[in-house]
Amino acid sequence: MSLGEGDTPFLPIHWIVKALGMSALFMKDEGLNPSGSFKARGLSVAVARAAGWRVPKPCADRLILRALRDCRGGGLRVTEEAIRRAECDLAVQEDILVYPEGAVALAGLRELVAQSAVVPEERILLFKFGTGKKYLQ
């Protein structure tokens, strides 16, 4: 059964894309699902589960690693500072509020651009799960 989840808008990212020297960057807002929650689709693709207050390893770690190898993909580490900067830039420059967990995608993209691992002609899609409103205090 489907409630129309996933039929959420692509938000163009105008200012940050220019700063990165890219041609196109979009964010898909999964918080606008009919249920009002990213969980309608977001959790259906989650790859980790919490054990207590920490996540010792992804529940499908071997499958994830195999998928990364098969598509010649990889992982990337970003700093808390880079995540905070991405979160702030999305809010100030694009008027998009995200969870810190959502800002990690932009922080990672910036690192990939710095490493020249992404070419400017690529069209990139970042996923936004939920909203950052709960962090405004």
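Each number in my numbering comes from the position in the sequence shown (counting from 1) with 218 added on.
Virtual Cβ for every residue (Gly too), placed ideally from N, Cα, C.
DSSP state of Arg303, grouped into three classes? In the displayed model, Arg303 falls within a helix according to three-state DSSP.
**Message:** According to DSSP, is Ala242 part of a helix, a strand, or is it coil?
**Reply:** Judged by DSSP in its simplified three-state form, Ala242 adopts strand.
Leaving out the 5 sequence neighbours to the left and right, which residues in its chain are closer than 6 Å to Leu330 when beta-carbon positions are compared? Same-chain partners within the cutoff: Val336.
Query raised in the report: Which word fits Leu320, buried or exposed, when buried means at least 16 other C-beta atoms lie within 10 angstroms of its C-beta?
Result: It is worth fixing the name first, because residue 320 is Gly in this sequence and not Leu. Buried is the call here.
| task | Give the straight-line distance between the Cα atoms of His232 and Thr297, rounded to the nearest whole angstrom. | result | Distance between the alpha carbons of His232 and Thr297: 24 Å.
(Q) I need the straight-line Cα distance from Ala325 to Phe244, nearest angstrom please. (A) C-alpha separation (whole angstroms): 14 Å.
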